[in-house]
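Protein chains in written order, with my numbering: chain A, 538 to 758; chain B, 538 to 758.
Even glycine gets a Cβ: it sits at the ideal position worked out from N, Cα and C.
Contents: one structure, followed by commentary.
There are 2 protein chains.
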Amino acid sequence: MPGSTMQKRMLAAMRPATLGDEPVRWQQRKSAQTRLKMLEAAVDCLVTGGYAGLTTAQVAERAAVSRGAMHHHFATRIELVAAVVDHIFYQRIRLFLDDYLAAMAQRGDEELIDLATQAHWRSVQTREYAAYVELAVAARTDPELNAAFEPAARRYDEVWTAEMIESFPQWRDQWHAMKLGSDFAIAVHSGLLLHRPVFGQDRIDMVLKLSMQAISALYKS
Amino acid sequence: MPGSTMQKRMLAAMRPATLGDEPVRWQQRKSAQTRLKMLEAAVDCLVTGGYAGLTTAQVAERAAVSRGAMHHHFATRIELVAAVVDHIFYQRIRLFLDDYLAAMAQRGDEELIDLATQAHWRSVQTREYAAYVELAVAARTDPELNAAFEPAARRYDEVWTAEMIESFPQWRDQWHAMKLGSDFAIAVHSGLLLHRPVFGQDRIDMVLKLSMQAISALYKS
DNA sequence: CAAATAACCGGCTGATCTGCCTGTTTTATG
DNA sequence: CATAAAACAGGCAGATCAGCCGGTTATTTG
Chain A
538 MPGSTMQKRM
548 LAAMRPATLG
558 DEPVRWQQRK
568 SAQTRLKMLE
578 AAVDCLVTGG
588 YAGLTTAQVA
598 ERAAVSRGAM
608 HHHFATRIEL
618 VAAVVDHIFY
628 QRIRLFLDDY
638 LAAMAQRGDE
648 ELIDLATQAH
658 WRSVQTREYA
668 AYVELAVAAR
678 TDPELNAAFE
688 PAARRYDEVW
698 TAEMIESFPQ
708 WRDQWHAMKL
718 GSDFAIAVHS
728 GLLLHRPVFG
738 QDRIDMVLKL
748 SMQAISALYK
758 S
Chain B
538 MPGSTMQKRM
548 LAAMRPATLG
558 DEPVRWQQRK
568 SAQTRLKMLE
578 AAVDCLVTGG
588 YAGLTTAQVA
598 ERAAVSRGAM
608 HHHFATRIEL
618 VAAVVDHIFY
628 QRIRLFLDDY
638 LAAMAQRGDE
648 ELIDLATQAH
658 WRSVQTREYA
668 AYVELAVAAR
678 TDPELNAAFE
688 PAARRYDEVW
698 TAEMIESFPQ
708 WRDQWHAMKL
718 GSDFAIAVHS
728 GLLLHRPVFG
738 QDRIDMVLKL
748 SMQAISALYK
758 S
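Right under this line is the structure:
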């Protein structure tokens, strides 16, 4: 499994279109910098106040940017939201890959599937994933958000699937099982996240253990 | 498994405190009626507009009730929200039980665990569960809502657990496995709900099948 | 250096929501 | 029937937000 190749390929595929690689002009760099500052502030708003807390005023304040500057970069709220959606999906892939590749470098002797599953569970517990959940839930009842969210979600899913097929050629004949295991882990992990306050850590751990057994069993048949 | 006994016990345990059983006075009946009308309208708001769409104005309009009447029953928005929380948990139990008991009466020959798991998946696809998800997600970032939501969620979880233990004495020595299977199903089903737009029905069905296998395996060991 | 362009600033308006308040109608009670 | 109480009606003020606009500063370009 060519780690850095995978990382570059997936990140490139999910890179927001607005990120032109390494601008040289001072203005463009400053512009991209404040733009990123606002996107990060928007993620903060999502995490602390939900999608309803993602207001232009809040973002501007958190980013320490005037509302005029904000309006210059994002004329309307929905433009900002669309940028946040792309940003979140990009970060979601980046955080998972960083974690997974680090774990693989450190403990490459263990089962790759187990390592990937554990890395995914850790990635689900990040603030970026919390922001993703807020967007995913809000997209169900907000048509404008959904118009930006669903295409990004599909793109993310396609990149994810394609990467699995290309990165693990040794299991090419079992890629249906891999995809199923991946879908399964995604469902379990996000569901656990939702019920975590009620379940508590002990029950979470038991469900995680059961899930990993079910996933492992997929490859031994 | 005494079906109707279980139903009565669980419903009684989750019954909102405000519902005094069958009032006789006209005023009280009318009052309870409009109150219920507003709660149902609030669920509509949640389903179509998310927690952010649950505004006093929207609810009053959908319920065809003046804002004055609304203020008479719920002085503040958070009072309404707290009532909606109790209402939703009560409906969530009621809908599951209705479905499960009907399925058991019709196909009592199949495995009870399978029937319960399938009934739970159906209950997850109701509008009431959609409203529950909205509340659960919003409660993570809204302290006031969380103050009403978390106790209700814990009560629901306790009722659920106690019912499993009392209703299936033949598996008393395996109730840890039952609880694990239940937690597992809850996590998988809610996670699938979240990713349904991307996964599509085919992948959903495959994950469901895998989950049921994992749950069944819990009892055969 | 001057003109053009990009980034940034903050006030204004209309819409919406919440909480509060004063009346009005309907039902209950003595 | 008269009085009390409950249910209902809708207007008003304060706060917040999205969108818009004219003006200002900093950078680029000829």
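- Exclusion of the five residues before and after ALA554 (chain A) leaves ASP623 as the residues of its chain whose Cβ lies within less than 8 Å of its Cβ.
- Exclusion of the five residues before and after ALA653 (chain B) leaves TYR637 as the residues of its chain whose Cβ lies within less than 7 Å of its Cβ.
- With a threshold of 7 Å between beta carbons, THR542 (chain A) makes no contact with chain B.
- Within the region 718 to 745 of chain B, the residues whose Cβ lies closer than 8 Å to any Cβ of chain A are, in chain order, ASP720, PHE721, ILE723, ALA724, VAL725, HIS726, SER727, GLY728, LEU729, LEU731, HIS732, PRO734, VAL735, PHE736, ARG740, MET743, VAL744.
- Residues LEU591, ALA668, GLU671 of the same chain have their beta carbon placed closer than 6 Å to that of LEU583 (chain A), with the five preceding and five following residues left out of the count.
- Taking 7 Å as the cut-off, the beta carbon of VAL618 (chain B) is found no closer than this to the beta carbon of LEU548 (chain B).
- Collapsing the DSSP output to three states places PHE705 (chain A) in coil.
- Three or more beta-carbon pairs drawn from the region 719 to 735 of chain A and the region 720 to 729 of chain B are found closer than 8 Å, and the two stretches are therefore classed as touching.
- Around the CB of ILE702 (chain B), fewer than 16 other CB atoms lie within 10 Å, so the residue is classed as exposed.
- By the neighbour-count criterion, in which a residue is buried when 16 or more other Cβ atoms sit within 10 angstroms of its Cβ, HIS732 (chain A) is buried.
- Within its own chain, the residues whose Cβ lies closer than 6 Å to the Cβ of ALA597 (chain A), once the five positions on either side in sequence are excluded, are ARG604, MET607, listed in chain order.
- For THR678 (chain A), at least one C-beta of chain B is nearer than 7 Å to its own C-beta.
- Counting only the Cα atoms, LEU755 (chain A) lies some 15 Å from ILE752 (chain B).
- For ASP694 (chain B), a Cβ of chain A is located within less than 7 Å of the residue's own Cβ.
- Contact annotation: the region 735 to 750 of chain B does not touch the region 698 to 715 of chain B, with fewer than three C-beta pairs closer than 8 Å.
- Ranking A:LYS716, A:ALA690, A:ALA589, A:ARG566 by CA distance to the CA of ILE630 (chain A) puts A:ALA690 first.
- Cβ proximity to chain A below 7 Å picks out nothing from the region 635 to 665 of chain B.
- If you draw a straight line from the Cα of LYS545 (chain A) to the Cα of ASP679 (chain A), it comes to about 33 Å.
- A check of alpha carbon separations from PHE611 (chain A) across A:ALA589, A:ASP635, A:ASP651, A:SER568 identifies A:SER568 as the nearest.
- A distance below 8 Å between beta-carbons, with the five flanking residues on each side excluded, links VAL696 (chain B) to the following residues of its chain, in chain order: MET547, ALA550, MET551, ILE630.
- Residues of the region 583 to 594 of chain B that bring their beta carbon within less than 8 Å of a beta carbon in chain A comprise VAL584, THR585, GLY586, GLY587, TYR588, ALA589, GLY590, in sequence order.
- In the structure shown, VAL622 (chain B) falls within a helical segment according to DSSP collapsed to helix, strand and coil.
- Against chain A, the beta carbon of VAL674 (chain B) has neighbours under 8 Å at GLY587, VAL670, GLU671, VAL674, LEU731, listed in chain order.
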